[in-house]
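**Q** Numbering (my numbering), first residue to last: 28 to 324.
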Amino acid sequence: MMENDISARVSSADFAYYNGSGPGFTTESSVLISSSPYLNHPQLRALIAQEMLRRNGAELPNTAYIPDVVKILMELEDWPRIFQLFEEEKARLPEFKSWLDGKKVSLFKTEELAGAEPGTLRAVIYDFVVNSGYNMDHFFQGMEIKTDFDFYMKERTHTHDIEHMITGFETNHAGEVALIAANMRALYQYFVPELASFFNRVSSYLRAKTMMKSGLFYPEAVKVELEAEDIGAAQGRNWKHPLFLIPYRDYLDWQVQDIREEFGITNPPKSGEWAWTTAISEDPRPNHQGMTSMAAE
Numbered sequence: 028m029m030e031n032d033i034s035a036r037v038s039s040a041d042f043a044y045y046n047g048s049g050p051g052f053t054t055e056s057s058v059l060i061s062s063s064p065y066l067n068h069p070q071l072r073a074l075i076a077q078e079m080l081r082r083n084g085a086e087l088p089n090t091a092y093i094p095d096v097v098k099i100l101m102e103l104e105d106w107p108r109i110f111q112l113f114e115e116e117k118a119r120l121p122e123f124k125s126w127l128d129g130k131k132v133s134l135f136k137t138e139e140l141a142g143a144e145p146g147t148l149r150a151v152i153y154d155f156v157v158n159s160g161y162n163m164d165h166f167f168q169g170m171e172i173k174t175d176f177d178f179y180m181k182e183r184t185h186t187h188d189i190e191h192m193i194t195g196f197e198t199n200h201a202g203e204v205a206l207i208a209a210n211m212r213a214l215y216q217y218f219v220p221e222l223a224s225f226f227n228r229v230s231s232y233l234r235a236k237t238m239m240k241s242g243l244f245y246p247e248a249v250k251v252e253l254e255a256e257d258i259g260a261a262q263g264r265n266w267k268h269p270l271f272l273i274p275y276r277d278y279l280d281w282q283v284q285d286i287r288e289e290f291g292i293t294n295p296p297k298s299g300e301w302a303w304t305t306a307i308s309e310d311p312r313p314n315h316q317g318m319t320s321m322a323a324e
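#1: Is it buried or exposed, P295, if we count other Cβ atoms within 10 angstroms and call 16 or more buried?
#2: Are the segment 171-181 and the segment 228-238 touching, with three or more C-beta to C-beta distances below 8 Å?
#3: Take the Cβ of Q262 as the centre, count every other Cβ of all protein chains shown within 10 Å, and call the residue buried at 16 or more, exposed below.
#4: Can you tell me whether K98 is buried or exposed? The criterion is at least 16 other CB atoms within 10 Å of its CB, across all chains shown.
#5: Could you tell me the boundaries of the alpha helix (DSSP H) in which F218 lies?
#6: Would you call the segment 138-148 and the segment 89-97 touching, i.e. three or more CB-CB distances under 8 Å?
#7: Between which two residues does the alpha helix (DSSP H) holding K250 run?
#8: Between D280 and the rest of its own chain, which residues show a CB-CB distance below 8 Å, the 5 nearest in sequence each way excluded?
#9: Check for me: the alpha helix (DSSP H) holding L148 runs from which residue to which?
#10: Are the segment 97-111 and the segment 238-252 touching, with three or more C-beta to C-beta distances below 8 Å?
#11: Tell me where the alpha helix (DSSP H) around I93 begins and ends.
#12: Please classify E102 as buried or exposed, where buried requires at least 16 neighbouring CB atoms within 10 angstroms.
#13: Under 8 Å, with one C-beta from each stretch per pair, do the segment 219-228 and the segment 70-83 reach the 3-pair mark?
#14: On the DSSP bridge assignment, give the partners of Q282 in chain order.
#15: Could you tell me the alpha carbon to alpha carbon distance between M321 and R82, rounded to whole angstroms?
#16: Name the two residues that bound the continuous alpha helix (DSSP H) containing S125.
#17: Nearest by alpha-carbon distance to R287: which of E221, M192, F135, K117 is it?
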């Protein structure tokens, strides 16, 4: 068949050039074993393969298996080292220490938000909570905050949706990609690379699977994702610091535009500008409501 003829053009010389000719490795192990703890994890291998290679079909939400991957990555983490980095960065970065010491939780009851002045953060969050259908307490649900690290995990969950609101990167496919790109730049700009990589661990997975999947099945989405990454990266480089460090309770009655000026949030897309991008990143849905693909959430 013609297809076999095409694949045969990958020659033995190509394999030798790219794979090298160093000494082979042997083991008496009866299962796959590697120097990478991530590669050694059978479920993680299977999940990443599936989520990078499957279609975004209508029978399964695009957010499927994110908790599974998060849990596995946490099981493989070097927690003493992460906690040590937290302490070192608290000593080096006053905003980080102040944010952790304050422990001002950005999860708001509807009655706290009602009656806000138009254009304020309080009003924008109220509209989101009442009309979006999303739950701002969408991860680590039921967890009590006892330590600095607990606060980090819960607060970053709460502030994710607020970041969508104040950056202009709305909860659609391109908005999720742009917000990941912005956070990536801000994290590596502010924190030491080792801690930034920890903070960015899950986002790295989401970004990789999104690009791979789109490249295989949704070519129109790739063009949009590249544009969104450029816009997000440009904005994130201008942020005063990562936006999850903002104690949002202190800014509820600020105008969103003033918050943007205060923290370097530049060139937000117009509202609704990327609403159409979710539909091109997934298989057709019956009665599509324009909800985010969250492939990069």
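The beta carbon of each residue, even a glycine, is placed where N, CA and C say it ideally should be.
Source: prediction; values computed, not measured.
**A** The short version:
#1: buried
#2: no
#3: buried
#4: exposed
#5: First-last for F218: undefined, no H or E at that position.
#6: no
#7: 246-265
#8: A143, E144, T147, L148, R149
#9: 148-158
#10: no
#11: 93-102
#12: exposed
#13: no
#14: T147
#15: Low confidence applies here, because M321 scores a pLDDT of 45, under 50, leaving its location unreliable; read the following figure in that light. Going by the C-alpha atoms only, they are around 14 Å apart.
#16: 121-129
#17: M192
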